[in-house]
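Residue numbers (my numbering), protein chains in the order written: chain U, 245 to 726; chain C, 245 to 726.
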């Protein structure tokens with residue numbers, strides 16, 4: 245290899261960045277998967293089960309038919325002129341595609357769009373937000389993005405000047421935030437979610453961490469809240485959200501609200517409230533609070549991760565600041581049009597009376613009810629095992645059980661130069677083919693150990709997952725108990 | 245507005261970044277377009293003609309049918325099970341979609357893929373490169389990206405540590421490079437293309453600029469070459485390319501080869517050679533040269549800008565450095581699958597003997613031959629005007645004529661606080677509705693003034709564009725001649 249570029253002379257911010265969701269354990273799993281293909285029977289399991297990432301369709305979840313009909317018709321509008329098409333597509337799928345194409349200049353789904361996304365699609369997204377919240381939303385506030393991640397990067401790039409700029413992030417957190425803060429050279433200011441109260445978010449802890457950071461000269465610029473929580477699965481209560489909004493206003497913080505799991509709620513006593521709805525409900529307007537809400541087509545019941553669609557809704561920023569956000573968006577020209585169309589569809593799905601409504605509702609409810617059952621089954625299974633305690637997954641796609649590892653296991657991990665939870669996850673993978681992410685990739689209270697496990701294996705596989713996990717865990721505990 | 249975030253406390257790298265292709269003149273054009281809608285007849289023209297950006301389908305170019313067939317079938321694989329589908333799609337479109345779905349784990353086009361892109365699609369891309377170049381290519385070297393831009397950002401993020409790291413860029417250049425270098429906090433080291441020799445790239449000038457930068461303490465890390473040129477349209481000669489490759493090896497530079505216009509060549513005496521082919525032809529292997537080639541589905545005869553597909557092929561980097569590139573890619577999970585599929589299709593289009601071949605070839609050749617005629621017509625028109633000289637567009641999608649502005653026009657621009665070429669472009673827009681980008685957005689020899697104009701208006705509109713342009717230019721020159 246040419247020696248011009250070495251790890252030693254790369255951007256140190258890149259070296260510092262970590263992203264455990266696709267880290268060491270996943271790379272090891274990919275190697276084992278290759279081994280299973282080339283040498284079947286050489287491992288104690290037949291398949292790798294990826295519970296490391298919220299990627300529902302990779303585990304067999306089917307896409308929502310209506311959405312895919314519209315995408316196919318928009319990709320190949322020639323079909324709309326053909327009689328045979330009526331036999332293959334629903335009437336409202338056809339009319340929706342016509343309607344979407346009519347909002348695209350020249351019906352050109354192959355053209356770069358406005359850098360914020362096609363205006364007509366942003367109108368549909370804004371209407372969906374307004375109908376969800378009961379407060380107005382404006383297409384000019386929407387930036388359609390290739391999934392939620394580029395939106396998060398854009399905001400970090402905008403706000404972080406140097407290592408003295410801090411971003412308050414929950415611990416545990418989805419490591420996109422720590423990775424993005426590292427890449428942009430800022431400082432992650434942690435606040436801890438309280439595992440004992442079901443991953444509660446205490447304003448007093450927020451306040452303490454903020455003041456502590458300020459006393460060290462950190463200019464804390466924003467607060468990240470993930471609701472429903474990732475990796476923790478809790479759904480915030482309304483009065484807690486009110487307190488968070490007031491805290492941001494009083495402290496002059498931008499509220500970065502990761503709301504990508506807004507459709508994923510599994511308990512009757514909780515519902516999703518957007519932070520914008522909460523802010524407007526308590527009388528806060530644009531002048532009170534800069535607020536960014538991130539949404540994605542990758543999550544919800546749709547789970548269309550591969551389409552890379554999403555948006556951010558930006559309110560409370562001055563016109564000159566918005567121009568800067570627009571400029572960053574324009575350097576990458578626009579997000580992909582398929583993802584843009586899908587973002588408009590998930591915010592404006594079939595309605596009562598539409599031909600597709602019954603089928604759409606059956607698909608949606610089937611997926612969400614099954615996810616709720618899977619979450620409960622896995623939670624119960626974890627809680628039935630020695631040395632594991634697991635909070636409820638009220639929402640999102642994950643469980644984050646605490647593993648009370650025996651001292652001997654911690655010592656064995658140390659000898660193997662691994663974090664104890666990474667040691668556990670690696671052993672789990674090698675024994676069962678189940679891939680989970682060690683808690684150390686998300687952050688956790690020092691001395692506690694967790695894993696993040698998705699609730700996404702298909703329902704008929706859940707009993708086998710539980711059996712395999714139980715057998716592994718009991719053997720592991722037996723090995724290291726004394 | 246909440247005063248928490250102001251332009252004064254944003255990341256100064258964001259403030260410094262400029263991107264003229266979607267800058268002031270385009271924003272003004274969008275306002276005029278709204279005015280035309282709300283007050284028809286209120287302007288001296290009926291439509292805005294966007295010649296500012298290489299966005300063919302926005303101006304009426306039709307997508308290649310075969311590609312769209314395959315995308316629609318992959319979006320909605322249900323169609324593949326239906327008899328009616330055979331009446332609507334070509335046989336090889338259907339079999340190609342089957343083949344692509346078979347390479348996607350679980351046929352799940354809605355799942356996140358490997359962070360470099362789906363392996364089977366990377367295999368197809370690598371096979372296409374190998375067949376183009378006559379040298380082997382490896383799927384492990386391919387990173388599929390959302391268009392070429394994210395790949396460029398990724399490399400800049402990797403290589404730039406601080407303002408002492410420099411990247412050699414052509415002047416004039418496509419402003420993605422200056423924008424990305426500014427966003428990542430590095431230094432753009434310019435080298436000038438020679439307008440007199442048809443935008444020739446002189447190694448002696450490269451050498452001089454490199455040494456000059458080094459003498460100022462700049463660590464020059466990479467050389468950007470855009471071939472065919474943007475905004476300049478020249479196609480490099482083979483021996484010139486050999487010299488560039490040798491220069492990079494001798495000077496220890498990464499060669500960043502923007503090869504997105506590889507299919508856009510309009511003259512018989514030039515052909516496209518990839519830099520990898522050139523390097524391998526003169527006996528250079530991985531050890532000699534770190535080389536990145538960028539390709540996009542947005543350009544060529546396909547012009548699928550809205551699909552945001554592309555790839556970079558990375559050779560000559562050590563395994564630990566490649567791991568870092570993989571890590572950055574993994575933080576954004578993967579590029580969109582529709583774009584991934586399309587990137588595999590443009591590198592592996594229908595072949596002689598396939599049912600679609602004749603129709604595909606007619607569409608491809610029709611577009612490329614028409615682009616060649618449009619390039620020639622516009623070039624001739626520019627050269628027939630007083631005070632304009634224009635090099636040939638040998639390739640790409642642009643002309644970059646020099647406008648020899650009268651002194652009085654330069655003074656009027658100064659009084660209006662505009663760069664003289666921006667003043668000219670603004671007057672052109674306001675008189676004709678034609679949108680071009682001032683040369684100052686790309687860089688130019690100080691004291692010279694240019695505009696970049698695409699060759700993309702549909703062929704039947706070219707005479708009217710020329711007539712409108714000529715009338716404006718003659719009136720402008722008459723106004724400012726003395």
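Beta carbons: idealized from backbone N, C-alpha and C, even for Gly.
Legend entry - For residue 400 of chain C, the three-state DSSP class (helix, strand or coil): Helix at residue 400 of chain C.
Inset, instruction - State yes or no: is the beta carbon of residue 347 of chain C nearer than 8 Å to at least one beta carbon in chain U? - result: Taking Cβ atoms only, chain U never reaches closer than 8 Å to residue 347 of chain C, which makes this a no.
Inset, instruction - Specify the secondary structure class of residue 501 of chain U as computed by DSSP and reduced to three states. - result: Under the three-state reduction of DSSP output, residue 501 of chain U falls in the strand class.
Inset, instruction - Going by CA-CA distance only, name the one from U:466, U:652, U:675, U:487 that's closest to residue 502 of chain U. - result: The residue from U:466, U:652, U:675, U:487 with its alpha-carbon nearest to that of residue 502 of chain U is U:466.
Legend entry - Cβ of residue 251 of chain C within 8 Å of any chain U Cβ: Residue-level contact check: residue 251 of chain C touches chain U, since one or more beta carbons of chain U fall below 8 Å from its beta carbon.
Inset, instruction - Using alpha carbons as the reference points, say which of C:471, C:510, C:532, C:484 lies closest to residue 497 of chain C. - result: With distances taken between Cα atoms, residue 497 of chain C lies closest to C:532.
Legend entry - residue 289 of chain U versus U:676, U:596, U:630, residue with shortest Cα-Cα distance: If you compare the alpha carbons of U:676, U:596, U:630 with that of residue 289 of chain U, the shortest gap goes to U:676.
Inset, instruction - Step through the CB atoms of chain B and report whether any lies within less than 8 Å of the CB of residue 331 of chain C. - result: Going by chain labels, chain B is absent from the structure shown, which instead holds the protein chains U and C.
Inset, instruction - Can you grab the Cα-Cα spacing for the pair residue 524 of chain C / residue 486 of chain C, in whole Å? - result: Between residue 524 of chain C and residue 486 of chain C, the C-alpha separation is close to 10 Å.
Legend entry - Proximity below 8 Å, CB of residue 641 of chain C to CB of residue 543 of chain C: Yes, the pair counts as a contact, with Cβ atoms nearer than the cut-off.
Inset, instruction - Tell me, please, whether the CB atom of residue 418 of chain U is closer than 8 Å to any CB atom in chain C? - result: Among the residues facing chain C, residue 418 of chain U is not included, as its CB has no counterpart in that chain under 8 Å away.
Legend entry - Span separating the alpha-carbon of residue 590 of chain U from that of residue 365 of chain C: Between residue 590 of chain U and residue 365 of chain C, the C-alpha separation is close to 28 Å.
Legend entry - beta strand (DSSP E) runs wholly inside the region 503-541 of chain U, at least 3 long, in chain order: You should have 535-540.
Inset, instruction - Could you list which residues in chain C have their beta carbon closer than 7 Å to that of residue 353 of chain U, in chain order? - result: Correct list: 550.
Legend entry - Spatially closest choice to residue 652 of chain C from C:723, C:600, C:703, C:608, by CA coordinates: Ranking the options by Cα distance to residue 652 of chain C, first place goes to C:723.
Legend entry - Closest residue to residue 668 of chain C among C:349, C:631, C:702 (Cα-Cα distance): Considering only C:349, C:631, C:702, the residue with the shortest C-alpha distance to residue 668 of chain C is C:631.
Inset, instruction - Measure the C-alpha to C-alpha separation of residue 611 of chain C and residue 321 of chain U and round it to an integer number of angstroms. - result: Cα to Cα, the separation comes out at about 20 Å.
Legend entry - Beta carbon of residue 293 of chain U nearer than 8 Å to that of residue 681 of chain U: No, the Cβ-Cβ distance between residue 293 of chain U and residue 681 of chain U is not below 8 Å.
Inset, instruction - Report yes if the CB atom of residue 393 of chain U is closer than 8 Å to the CB atom of residue 576 of chain C, and no otherwise. - result: Using a Cβ distance threshold of 8 Å, residue 393 of chain U and residue 576 of chain C count as a contacting pair.
Inset, instruction - Grab the span of the alpha helix (DSSP H) containing residue 607 of chain U for me, first residue to last. - result: Its alpha helix (DSSP H) spans residues 601-627.
Inset, instruction - With distances taken Cα to Cα, identify the nearest neighbour of residue 399 of chain C among C:420, C:474, C:367. - result: Of C:420, C:474, C:367, the residue nearest in Cα terms is C:420.
Inset, instruction - Check whether the Cβ of residue 404 of chain C lies closer than 8 Å to any Cβ atom in chain U. - result: Yes, contact with chain U.
Legend entry - Which listed residue (U:499, U:548, U:426) has its alpha carbon closest to that of residue 263 of chain U: Residue U:426 is the option with its Cα nearest to residue 263 of chain U.
Inset, instruction - Would you kindly check if the distance between the Cβ of residue 422 of chain C and the Cβ of residue 432 of chain C is under 8 Å? - result: In this structure, residue 432 of chain C lies near residue 422 of chain C, with their beta-carbon atoms less than 8 Å apart.
Legend entry - residue 360 of chain C to residue 574 of chain C span [Cα, whole Å]: Approximately 8 Å between the Cα atoms of the pair.
Inset, instruction - Please state if the CB of residue 404 of chain U and the CB of residue 730 of chain U are separated by a distance shorter than 8 Å. - result: Look at the range of chain U in this structure, 245 to 726, and you will see that residue 730 of chain U is not part of it.
Legend entry - residue 270 of chain C (DSSP reduced to helix, strand or coil): The answer is helix: DSSP assigns residue 270 of chain C an H, G or I state.
Inset, instruction - Give a yes or no on whether 8 Å exceeds the smallest Cβ distance from residue 604 of chain U to chain C. - result: Not one chain C Cβ lies under 8 Å of residue 604 of chain U.
Inset, instruction - Take residue 300 of chain C as the anchor and find which of C:318, C:551, C:593 has the nearest alpha-carbon. - result: Looking at the Cα atoms, C:551 is the closest of the given residues.
Inset, instruction - Run down chain C in chain order and give the residues with a C-beta less than 7 Å from the C-beta of residue 571 of chain U. - result: What residue 571 of chain U touches in chain C: 261, 263.
Inset, instruction - Examine chain C for any beta-carbon lying closer than 8 Å to the beta-carbon of residue 467 of chain U, and answer yes or no. - result: Closer than 8 Å: no.
Legend entry - Between the CA atoms of residue 546 of chain C and residue 701 of chain C - distance to the nearest angstrom: Rounded to whole angstroms, residue 701 of chain C to residue 546 of chain C spans 15 Å at the Cα level.
Inset, instruction - Look up residue 463 of chain U in the DSSP assignment and give the residues it is bridged to. - result: Beta-bridge partners of residue 463 of chain U (DSSP): U:409.
Inset, instruction - Give the residues from the region 621-652 of chain U that approach chain C closer than 9 Å (Cβ to any Cβ), ordered along the chain. - result: Cβ contacts with chain C come from no residue of the region 621-652 of chain U.
Legend entry - residue 721 of chain C in three-state terms, based on DSSP: Residue state, collapsed to three classes: helix.
Inset, instruction - Would you please state the rounded distance, in angstroms, between the beta carbons of residue 402 of chain C and residue 568 of chain C? I believe it to be under 8 Å. - result: Contact between residue 402 of chain C and residue 568 of chain C holds: CB atoms are separated by about 6 Å, below the 8 Å threshold.
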